[in-house]
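Visitor: Let me give you the structure first, and then I'll get to my questions.
Structure (structure tokens):
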């Protein structure tokens, strides 16, 4: 059923979330909060070198230390052949993930795991790590993406031959693949252009920087049954990877999803779980592991840094006739940067006749990248939306008008294939135009920037279960870890269909043995896909309840209506009966067919793409180079906001992460390829005093493929901020800042260079 | 080295524990006493997820040694509510949806209580600077600051429209 035009009672309101009280009282159980009897502490030995061959590992002294119960190295894990992975988010190879969890012959970045110990205390585990004797042959390393592409660069993988080029190369390279997208004739387009803009932009790797470090608790029992409690964006993902990396059956592994303390894409793969299981198997004890903040920075995935070139050609009236982009994305030590989305998202907001995009996926001696909120899109959009600003300036056209003139609409064919349908980009631009922020005059010294962004959003496989309990109360279970309030939105959709208050539905996240397969929480898919499964499950329950009422009243099921949580006879012809509510029907369940519940699995298609536009005002301190965000407005097409507070929260949080990406965050390396700022003091994420209130404006262009019209909302908001801020700095100072982060030293240097 | 005996008042109850000399108060709270509401996000005093109030002062419990707790009075997130009755700060965090993942929330609530104990009528800027030691990566702080200001108003007995 579709409720887009229905009058809704629950969806669109702002109830308190079902897991709220636990989280404000400290009762919520995150992965590091779990304990088990006889538990050991597991710790990881990490490479101090950026690139080295492992000549030998001697663990005998560590094993002999009192209190040490197990030591594992790659020798304790099966060797995994190269195979495209079927889980996770973004491109992944099982062999690469296995080698990322435990290096076998070479360490490829500082922080790369090459051993692990389990001991009775953390102090003994640390002592044991120091006793492991590793002989390294240090190899030349490469950190920068363009240096890694050079012909004489140190090669990370002898068997990496660039794919996507013809003929197939004969020499190994750090370029894992080349991606190309072409539409029309870009060179002919540039010939038609009256104005051409060219720019080169660089971005730095930034970490998702969830506040909760990765953690897990694992038990391998002597009968081969494995239990894992862990913090992840997908417990089915943890099960699949752990099974694969250890050669176990999935049915022998049960993964319990702990509360997750932030992920943003960074918890869509495993680091610790296979190690903890291996240590547990060897020691016969439960093993708890948690990363330090340093480990998180050095060894878990940031997103790519990149170098991006953009060329735009336009007619005098602002019509863009040609657009070209070259993107070089860092993948970290293993192939798999988000270069694909990078190539697709930059120009996805516009209707362009001639497009040429080439992308490179490049390995270097950095931690393997992981997904980060709209993976790949913020980088490419920083470049394109900065160039759009320069183009507007050169044409003498207002930044908004230029975008309106070229905006993608329903029916616009993208350069990567699909044709946009049911999109809300023009509605978003109209909302910019009418917003008081856009119309307000700037104060002296301030600059205003505008930038837009796009993300596909995804659907995919999800399972949801709705139970009417014996007393008529309702439990909804799904397989989607709740990373930002999805229990609230799922419960609300179920409540709406059942016609009961939101508080009458308790939503939980069920473990891998208790519910059907559900793809991980990522791609902004949960409210869309899991919401669709939950809605359908609730509808099945309503149908069943109507059937039961019909049976009790002995009338045809067609003569029963369901309204506000009660079964009614459809009209006076149907008979005179007192309505039956959930409690009455639950009480009679045994006599009307047994337990009342429905489980629905879907492979949801039609996740509507999302578009956003951000307006930002800044002032820039010429003395220090410090940029102050004075006002920030984020406008986004959200389809339908199920719980508007959490939709706003996604937008505000994404914008703040973008502000950090724009102004402060970066990985700083020394000449040995070691990270020098692996902590929150020196890797500076935005704090409360760095940002103003962030106004989130919800534009609702319903997605017809979702029962309530929802689209994914979590990823779009991190796409526009970098260019919005760069364009605002340009407005305030006349300086184009093409390199992120636009930190005080860089801004100050730009002032100095400009004289 | 032998463990040290420490006696302190935690959330209003007298508490005795043994701890290693190098163990932090955070480790003691979590691993010895079993109060896991205080979180470890960095162990270096940069994220504030382990915030507790010690003798009236807001501290990162990861920067305090367990032995330093001797004779002190400590309030953790578990001691903010009065039984089942939530503190106004907790209530306002819920009403304003001022949390997403909830990991930084205990530290932020403790830090906010400490702010309002000291300054019942903070400006938005004062609230933002006071809470600058508590990182939240999910919310962009907007709804947190609204919850803090609303809780302050309610605790002053004002009603906010």
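Protein chains in written order, with this note's numbering: chain A, 1 to 755; chain B, 1001 to 1161.
For every residue, glycine included, the Cβ atom is placed at its ideal position computed from N, Cα and C.
Note that the structure is predicted; figures quoted are calculated from it, not measured.
Once you ignore the five residues that flank residue 196/A on each side, which residues in its own chain have a CB closer than 6 Å to its CB?
Guide: Reading the first chain from its first residue, position 196 is the one you call residue 196/A. Cβ within range, chain order: 313.
Visitor: Report the option in 579/A, 460/A, 459/A, 601/A whose CA atom is closest to the CA atom of residue 516/A.
Guide: Here residue 516/A refers to the residue found at position 516 of the first chain. The candidate whose alpha carbon is nearest that of residue 516/A is 601/A.
Visitor: Pick from 1114/B, 1043/B, 1090/B, 1002/B: whose alpha carbon is nearest that of residue 290/A?
Guide: Residue mapping note: residue 290/A aligns to position 290 of the first chain, counting from 1. The option with the nearest alpha carbon to residue 290/A is 1043/B.
Visitor: What span of residues does the beta strand (DSSP E) with residue 100/A cover, start to end?
Guide: Here the question's residue 100/A lines up with position 100 in the first chain. It is not in any beta strand (DSSP E) - residue 100/A instead sits in the alpha helix (DSSP H) that spans 94-101.
Visitor: What are the residues that DSSP puts in a beta bridge with residue 757/A?
Guide: With chain A covering only 1 through 755, there is no way to say anything about residue 757/A.
Visitor: At what residues does the alpha helix (DSSP H) containing residue 1054/B begin and finish?
Guide: For the purposes of this step, residue 1054/B is taken as the residue at position 54 of the second chain. Taken as a continuous stretch (DSSP letters only), residue 1054/B belongs to no alpha helix (DSSP H), being part of the beta strand (DSSP E) at 1051-1054.
Visitor: Does residue 652/A have its Cβ less than 8 Å from a Cβ in chain B?
Guide: As a working note, residue 652/A is residue 652 in the first chain. It does: the Cβ of residue 652/A has a partner Cβ on chain B nearer than 8 Å.
Visitor: Would you call residue 138/A buried or exposed, if buried means 16 or more other Cβ atoms sit within 10 Å of its Cβ?
Guide: To locate residue 138/A, count along the first chain from 1; it is residue 138. Exposed: under 16 other Cβ atoms inside 10 Å.
Visitor: So for residue 385/A, helix, strand or coil by DSSP?
Guide: As a working mapping, residue 385/A is identified with position 385 in the first chain. In the structure shown, residue 385/A sits in a helix (DSSP, three-state: H, G or I).
Visitor: Going along chain B, which residues have a C-beta under 9 Å from residue 104/A?
Guide: For the purposes of this step, residue 104/A is taken as residue 104 along the first chain, with counting starting at 1. Neighbours of residue 104/A on chain B: none; closest Cβ ~30 Å, over 9 Å.
Visitor: Taking residue 1135/B as the reference, give the member of 356/A, 262/A, 62/A with the closest Cα.
Guide: Sequence index remark: in the second chain, residue 1135/B carries index 135 (1-based). The candidate whose alpha carbon is nearest that of residue 1135/B is 262/A.
Visitor: To which residues does DSSP link residue 289/A through a beta bridge?
Guide: Within the first chain, numbered from 1, the residue matching residue 289/A stands at position 289. Per DSSP, 42/A, 216/A.
Visitor: Which runs of the alpha helix (DSSP H) at least 4 residues long sit entirely within the segment 616-663 of chain A? Give them in chain order.
Guide: Fully enclosed alpha helix (DSSP H) runs of 4 or longer: 644-663.
Visitor: Given residue 1/A, which residues of its chain have a CB within under 7 Å of its CB, disregarding the five upstream and five downstream residues?
Guide: In the first chain, residue 1/A corresponds to position 1, counting from 1. Contacts found: 539, 707.
Visitor: With a threshold of 8 Å, are at least 3 pairs of Cβ atoms found where one atom belongs to the segment 716-733 of chain A and the other to the segment 610-622 of chain A?
Guide: Flag = yes, the segment 716-733 of chain A and the segment 610-622 of chain A touch.
Visitor: For residue 1094/B, go through chain A and note every residue whose CB falls closer than 8 Å to its CB, in chain order.
Guide: Working through the second chain from its first residue, we reach residue 1094/B at position 94. Here the neighbours are 16, 17, 20, 21, 24.
Visitor: For the alpha helix (DSSP H) that contains residue 434/A, what are its first and last residues?
Guide: Taking the first chain and counting its residues from 1, the one referred to as residue 434/A is at position 434. 425-434 is the extent of the alpha helix (DSSP H) around residue 434/A.
Visitor: Identify whether residue 1047/B lies in helix, strand or coil by the three-state DSSP scheme.
Guide: Position 47 of the second chain, counted from the start, is the residue given in the question as residue 1047/B. Here residue 1047/B sits in coil by DSSP.
Visitor: Does the distance from the C-beta atom of residue 305/A to that of residue 145/A stay below 8 Å?
Guide: Taking the first chain and counting its residues from 1, the one referred to as residue 305/A is at position 305. Taking the first chain and counting its residues from 1, the one referred to as residue 145/A is at position 145. Yes. Within cutoff.
Visitor: Nearest to residue 84/A by alpha carbon, out of 94/A, 78/A, 76/A?
Guide: Start at 1 with the first residue of the first chain, and residue 84/A comes out as number 84. Residue 94/A is the option with its Cα nearest to residue 84/A.
Visitor: Which runs of the alpha helix (DSSP H) at least 4 residues long sit entirely within the segment 37-85 of chain A? Give them in chain order.
Guide: Fully enclosed alpha helix (DSSP H) runs of 4 or longer: 60-64.
Visitor: What residues in its chain sit with their C-beta under 7 Å from that of residue 702/A, if we drop five residues either side in the sequence?
Guide: In the first chain, the residue the question calls residue 702/A occupies position 702. If we look at residue 702/A and ignore the five residues flanking it on each side, its Cβ neighbours are 4, 639, 640, 709.
Visitor: For residue 1072/B versus residue 1046/B, is the C-beta spacing smaller than 8 Å?
Guide: Within the second chain, residue 1072/B is the residue found at index 72, counting from 1. Within the second chain, residue 1046/B is the residue found at index 46, counting from 1. No, these two residues do not count as a Cβ contact at 8 Å.
Visitor: Return the residue from the list 134/A, 671/A, 285/A, 423/A that minimises the CA-CA distance to residue 606/A.
Guide: On the first chain, position 606 is the one that residue 606/A refers to. Per the Cα distances, 423/A.
Visitor: Determine whether the Cβ of residue 1046/B lies closer than 8 Å to any Cβ atom of chain A.
Guide: On the second chain, residue 1046/B is found 46 positions in, with the first residue counted as 1. It does; some Cβ of chain A falls within 8 Å.
Visitor: Select from the segment 1131-1155 of chain B all residues with a C-beta closer than 9 Å to any C-beta belonging to chain A, and list them in chain order.
Guide: Correct list: 1131, 1132, 1133, 1134, 1135, 1136, 1137, 1138, 1139, 1140, 1141, 1142, 1143, 1144, 1145, 1146.
Visitor: Beta-carbon separation of residue 407/A and residue 399/A under 8 Å?
Guide: Taking the first chain and counting its residues from 1, the one referred to as residue 407/A is at position 407. Taking the first chain and counting its residues from 1, the one referred to as residue 399/A is at position 399. Going by C-beta atoms, residue 407/A is not nearer than 8 Å to residue 399/A.
Visitor: Check the C-beta distance from residue 626/A over to residue 492/A and give it rounded, since I have them as a contact under 8 Å.
Guide: By one-based count along the first chain, residue 626/A stands at place 626. By one-based count along the first chain, residue 492/A stands at place 492. So it is not a contact: roughly 42 Å between Cβ atoms.
Visitor: Measure from the alpha carbon of residue 512/A to the alpha carbon of each residue in 158/A, 228/A, 18/A, then state which is nearest.
Guide: Residue 512/A sits at position 512 when you count from the first residue of the first chain. Of the listed residues, the one whose Cα sits closest to residue 512/A is 228/A.
Visitor: Kindly give me the distance between the Cβ atoms of residue 731/A and residue 447/A, rounded to whole angstroms, as I take these residues to be in contact under 8 Å.
Guide: In the first chain, the residue the question calls residue 731/A occupies position 731. In the first chain, the residue the question calls residue 447/A occupies position 447. Yes, residue 731/A and residue 447/A are in contact; Cβ-Cβ is about 3 Å, under 8 Å.
Visitor: Give a yes or no on contact between the segment 1092-1101 of chain B and the segment 1119-1129 of chain B, applying the rule of three or more CB pairs nearer than 8 Å.
Guide: Flag = no, the segment 1092-1101 of chain B and the segment 1119-1129 of chain B do not touch.
Visitor: Out of curiosity, what's the CA-to-CA distance linking residue 1088/B and residue 1141/B?
Guide: The residue labelled residue 1088/B in the question sits at position 88 within the second chain. The residue labelled residue 1141/B in the question sits at position 141 within the second chain. Residue 1088/B and residue 1141/B: Cα-Cα distance of roughly 18 Å.
Visitor: Under a three-way DSSP split, which group does residue 181/A fall into?
Guide: In the first chain, the residue the question calls residue 181/A occupies position 181. Residue 181/A: strand per DSSP, three-state reduction.
Visitor: Per DSSP, what are the beta-bridge partners of residue 229/A in this structure?
Guide: Your numbering for residue 229/A matches position 229 in the first chain. Answer is 217/A, 256/A.
Visitor: Check the DSSP bridge columns for residue 149/A and list the partner residues they point to.
Guide: To locate residue 149/A, count along the first chain from 1; it is residue 149. In the DSSP output, where bridge partners are listed per residue, residue 149/A has none listed.
Visitor: If you follow the alpha helix (DSSP H) that residue 360/A is part of, which residue opens it and which one closes it?
Guide: Indexing the first chain from 1 puts residue 360/A at position 360. That residue, residue 360/A, is in no alpha helix (DSSP H); its beta strand (DSSP E) goes 355-363.
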